[in-house]
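Structure first, commentary second.
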Amino acid sequence: MDQQLEVFIAVAEKKNFSRAAQELHMTQPAVSQYIQALEREVGTRLLERTNKYVKLNKAGEIVYDHAKEILGLYTKMQRLVDDLTNKTSGPLAIGASYTFGEYILPHILANMLEEYPLVNPTISIGNTRDIAEFVLKHQMDVGIVEGDFQHDKLVIEPLAEDKMFIVASPDHQLVKKKKATPQDLVKEKWIVREIGSGTRKAADNMFKSLKISPQNMMEFGSIQLIKESVEAGLGISLLSQWAIRKELAMGTLKIIEVDGLPFIRLFSIVTSSPYRTKALDTFLEFVREVSSNGGSLSQ
1 MDQQLEVFIA VAEKKNFSRA AQELHMTQPA VSQYIQALER EVGTRLLERT NKYVKLNKAG
61 EIVYDHAKEI LGLYTKMQRL VDDLTNKTSG PLAIGASYTF GEYILPHILA NMLEEYPLVN
121 PTISIGNTRD IAEFVLKHQM DVGIVEGDFQ HDKLVIEPLA EDKMFIVASP DHQLVKKKKA
181 TPQDLVKEKW IVREIGSGTR KAADNMFKSL KISPQNMMEF GSIQLIKESV EAGLGISLLS
241 QWAIRKELAM GTLKIIEVDG LPFIRLFSIV TSSPYRTKAL DTFLEFVREV SSNGGSLSQ
């Protein structure tokens with residue numbers, strides 16, 4: 001059954017029997033046989049076929065979604081059994097929101113792999129909402145997310161505090177003021193992340209705390225793009241201390257001083273099962289080290 005699901009997922013994602021066969025190192029007739037066997041077992045057709053492509057029908061979408069989760073659980077089960085007799089090793093699927101994933105995670109992994117070279121991590125970067133969904137469906141072993149995140153079906157462990165500052169280009173008028181007021185900030189053009197991002201939620205919470213509702217906002221899907229845009233004078237933004245370290249040191253970004261800031265948010269560890277591989281436990285040990293200094297990330 002697991003082989004049928006693996007073949008089905010490949011066909012669904014490649015939208016083509018030949019490309020799926022090539023990826024799986026199988027013949028096209030063998031791929032077709034697996035799909036037909038799965039459809040007989042499920043009791044209905046799962047794919048709509050044309051001369052140019054295949055695509056999922058409604059039943060296929062249901063099977064695809066659950067097949068990903070089933071194979072994720074099956075793989076985790078195999079790794080847990082292997083862990084009983086083997087050293088810390090094997091695959092580790094990590095999801096992280098942008099700030100943690102791009103600015104903190106690489107340093108953690110470098111330290112871990114120096115000591116445990118047999119661990120094979122794969123990293124996926126996304127917004128907080130998407131990472132949590134992948135962990136819930138067992139398509140990732142662990143997620144590191146931003147903000148005050150809650151979910152009744154996931155295990156959430158607060159990890160560390162993150163300080164966030166309002167930044168602008170060096171020649172921005174508010175940089176030159178000793179203290180900017182909420183009335184100053186509400187008039188500015190804000191560059192923010194998309195809904196679902198931990199950084200966007202932090203910005204929205206900050207607006208509430210300052211009792212302002214900026215009307216001039218642009219949504220960008222990348223922290224790097226936001227930084228480049230702020231540097232170019234396109235607007236101002238609220239960003240993590242970790243995302244702006246180099247720019248502050250180089251002087252290409254400056255902090256706008258405001259009463260009540262920096263804004264403090266949390267990084268949290270998200271998992272979905274009490275059963276953990278040695279590779280995951282080892283990774284979590286290294287991750288927790290970043291919060292060993294009074295619960296704050298230290299540089």
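The letter at position 121 of the sequence shown is residue 121 when you use full-length UniProt numbering, and the numbering goes up by one with no holes.
A virtual CB, placed ideally from N, CA and C, is assigned to each residue, including glycine.
First and last residue of the beta strand (DSSP E) that includes residue i?
| i | result |
| --- | --- |
| R265 | 263 to 271 |
| L234 | Per DSSP, L234 belongs to no beta strand (DSSP E) and is neither H nor E. |
| K55 | 54 to 56 |
Over what stretch of residues does the alpha helix (DSSP H) that includes residue i continue unbroken?
| i | result |
| --- | --- |
| L248 | 245 to 250 |
| N205 | 198 to 210 |
| E231 | 223 to 231 |
| A30 | 28 to 42 |
| residue 340 | Nothing can be reported for residue 340: it is not among the residues displayed for the chain, which extend from 1 to 299. |
| R49 | Run containing R49: none in the alpha helix (DSSP H); it sits in the beta strand (DSSP E), 47 to 49. |
| F149 | Element bounds for F149: n/a, residue is neither H nor E. |
| T282 | 278 to 288 |
Taking all protein chains shown into account, decide if residue i is buried (16 or more other Cβ within 10 angstroms of its Cβ) or exposed.
| i | result |
| --- | --- |
| V7 | buried |
| K254 | buried |
| N127 | buried |
| D281 | exposed |
| S2 | Here residue 2 is Asp; the residue named in the question, Ser, does not match the sequence. By the 10 Å Cβ count, D2 comes out exposed. |
| S240 | buried |
Using the DSSP secondary-structure output, state which residues sit across from residue i in a beta bridge.
| i | result |
| --- | --- |
| A12 | Note: A12 sits in no beta bridge, so no partner. |
| I62 | DSSP output for I62 lists no bridge partner at all. |
| I155 | Sequence inspection shows Val at residue 155; the Ile mentioned does not correspond to that position. In DSSP, V155 forms a bridge with T271. |
| A180 | V258 |
| S213 | None; S213 has no bridge partner. |
Does DSSP put residue i in a helix, in a strand, or in coil?
| i | result |
| --- | --- |
| D162 | strand |
| T75 | helix |
| E219 | strand |
| G143 | strand |
| I191 | strand |
| E257 | coil |
| V167 | strand |
With a threshold of 7 Å, establish whether the CB of residue i neighbours any heavy atom of the ligand SAH.
| i | result |
| --- | --- |
| Q150 | Of ligands this structure carries none, so the ligand SAH is not represented either. |
Give the list of continuous beta strand (DSSP E) stretches no shorter than 3 residues that lie fully inside the region 66 to 137. 90 to 96, 119 to 125
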